[in-house]
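Colleague: Residue 382 in full-length UniProt numbering sits at position 382 of the sequence shown, with consecutive numbering throughout. There's a structure below that I have some questions on.
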Amino acid sequence: MNGSELSLFSVALAAFSCGLFLWSGSTNMRRLGDHGCRDSASGPKVSVVVPVCNEEENVEQGLRSLLDQDYENLEIIVVNDRSEDRTAEILARMQATRPGFSTVTIHDLPDKWIGKSHALWTGAKRASGTVLLFTDGDVQLEPTAVTRAVSYMEKKKLDHLCLTFKNISKGWLLNSMIVEMTIGLFLLFRPWSVSRRDSSAFMGVGAFNMIRGCVYREIGGHKRIRMHPIDDVMLGKIVKRAGYRQDCLIGDHFVLVPWYRSVREMCRGLEKNVFALAHYRVWLTALVLMLIGCIALVPVLLVTAENSELLFVCSIITGTRLVIFYKALRMQLLPRWYLAGALVTPFISFYIVAGSMIVTLRAKGIVWRTRHYPLHLLKESEPLLF
């Protein structure tokens, strides 16, 4: 075997190993639905903090799902963060007809704070529960979700529990992109390993981040990560680094989110986040783009390659990718024919990553909800990965 053949074989082996790693890890993840509920009357008080900003389309349905929770000792705090649409009107109407939650209104954002982190921090300061649940205004929780989560948290003696969500937006390409992102995030963060004390893996999910109040205050809460756009995962990181116990479960139908309405909206929404994964480093983002580009071109080479060794490598990479994509589809309870999206999503991923870097560098920061956050301040925050 000559040098080029050895290199190609190594690439094939690496691709297969990554696939096996993802398959094994995701298969071992626990599901919230596999764990029953205990009597919530004896459970700790849970304070749910819900930041909302221009959520007139989803806030009522999301808030109703919280009011319908069967957990008895529940406090709901909605933080209206400078909304300019009908969000405040909807909240006022709901309070008049169905009380059971309190509202906090933010009119101004302090310097050196990203809006969502500030809203979560503001809500947490008002909370009186011993357990905090951070969620979003568009999240719809199944009626037993909080009870099941608290039961699992108490049983396992956890300090932090997060749940993955199921996207309920329609469209095969949009859902294929969400599957693609799930695969990438699972590879980066290894959520199946976060419960192990000897593992460096950590995780956080904005749709469902449950944490003990004493732990939240001990680690500095959202004030510590006030300029990081990926606040949910960063919260998981500082919890794990402080030595507290953490776990991540598959939420399935217990946590539903209409994440984005279209691929275009998704591309626009991720502009502020993706470059932050590389902590705004161009060289690292360029390496990621090269990897995504190679993944995108492999199916093309599979059709056009005449070299038998290259054909073998492309077959291994494509086959492994399709198997993992299919596995992720089934985790999201999506149709099998969405597998065709695996041939298209790498090109869109390339566009999102490149676009995030270019837009951030051009603007010398990120623009989120009309607010500009300077790049030099964003770089001062702790890196998410390294």
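For each residue, glycine too, the CB sits at the ideal point set by N, CA and C.
1. Along the alpha helix (DSSP H) that carries G236, what are the first and last residues, could you check?
2. Which of the three DSSP states, helix, strand or coil, is assigned to V313?
3. Write down the C-beta distance between M357 and T285 rounded to the nearest angstrom, noting that I regard them as a contact closer than 8 Å.
4. Might you give, ordered along the chain, the residues of its own chain that have their beta carbon closer than 6 Å to the beta carbon of I178, omitting 5 neighbours on each side?
5. Taking the alpha-carbon positions, what's the L384 to R336 distance?
6. What does L132 pair with, by DSSP beta-bridge criteria?
7. Per the DSSP calculation, S102 is bridged to which residue(s)?
8. Taking buried to mean at least 16 other C-beta atoms within 10 Å of its own C-beta, is E380 buried or exposed?
9. Cβ atoms of R126 and H107: under 8 Å apart, would you say?
10. State yes or no: is the C-beta of L289 within less than 8 Å of the C-beta of F350?
11. List the whole-angstrom C-beta distance separating I183 from A328, where the pair is believed to meet the contact cut-off of C-beta under 8 Å.
12. Could you give the DSSP three-state label for Y326: helix, strand or coil?
13. What would DSSP say about V263, mapped onto helix, strand or coil?
14. Based on Cα-Cα distance, which residue from V48, E382, T360, S308 lies nearest to I238?
15. In this structure, how does DSSP classify P374 when only helix, strand and coil are distinguished?
16. Short of 8 Å in beta carbon distance, which residues of its chain neighbour S24, apart from the five on each side in sequence? Order them along the chain.
17. Taking one C-beta from the segment 85–97 and one from the segment 156–165 each time, how about it: are there three or more such pairs within less than 8 Å?
18. Quick one: Cα of S65 to Cα of R148, how far?
19. With distances taken from CA atoms, which of F254, Y216, R369, L120 is nearest D85?
20. Which residues in the same chain have their Cβ closer than 6 Å to the Cβ of T320, if we skip the five residues on either side of it in sequence?
21. Indicate whether V131 and A207 have their beta-carbon atoms separated by less than 8 Å.
22. Could you tell me the boundaries of the beta strand (DSSP E) in which W368 lies?
23. Do V52 and T87 come within 8 Å of each other at the CB atom, strictly closer than that value?
24. Excluding sequence positions up to five away, which residues of its chain have a Cβ less than 8 Å from the Cβ of I292?
25. Distance check for M153 and Q246, CA to CA, integer angstroms please.
26. State yes or no: is the C-beta of Y280 within less than 8 Å of the C-beta of L188?
27. So is L190 buried or exposed if we call it buried at 16+ other beta carbons inside 10 Å?
28. Quick one: give me the first and last residue of the alpha helix (DSSP H) that L187 is part of.
29. Which residues bound the alpha helix (DSSP H) around L120?
30. Whole-angstrom Cβ separation of L235 and G204, contact assumed at under 8 Å?
31. Can you pull the DSSP bridge partners for R31?
32. Quick check on DSSP: helix, strand or coil for V194?
33. With respect to the beta strand (DSSP E) encompassing C162, which residues constitute its N-terminal and C-terminal limits?
34. Buried or exposed: G36, going by 16 or more other Cβ atoms within 10 Å of its Cβ?
35. Given a cut-off of 8 Å, decide if T135 and D70 are closer than it, judged by their beta-carbon atoms.
36. I need the boundaries of the alpha helix (DSSP H) containing V139, first residue and last residue.
Modeller: In short, the structure shows the following:
1. 231–241
2. helix
3. 5 Å
4. N167
5. 34 Å
6. S47, I211
7. I77
8. exposed
9. no
10. yes
11. 5 Å
12. helix
13. helix
14. E382
15. strand
16. none
17. no
18. 15 Å
19. R369
20. A15, F16, G19
21. no
22. 365–368
23. yes
24. P346, S349, F350, V353
25. 9 Å
26. no
27. At residue 190 the sequence reads Arg, which differs from the Leu that was named. Buried, by the Cβ-count rule.
28. 172–189
29. 115–126
30. 5 Å
31. I250
32. coil
33. 160–163
34. exposed
35. no
36. That residue, V139, is in no alpha helix (DSSP H); it is neither H nor E in DSSP.
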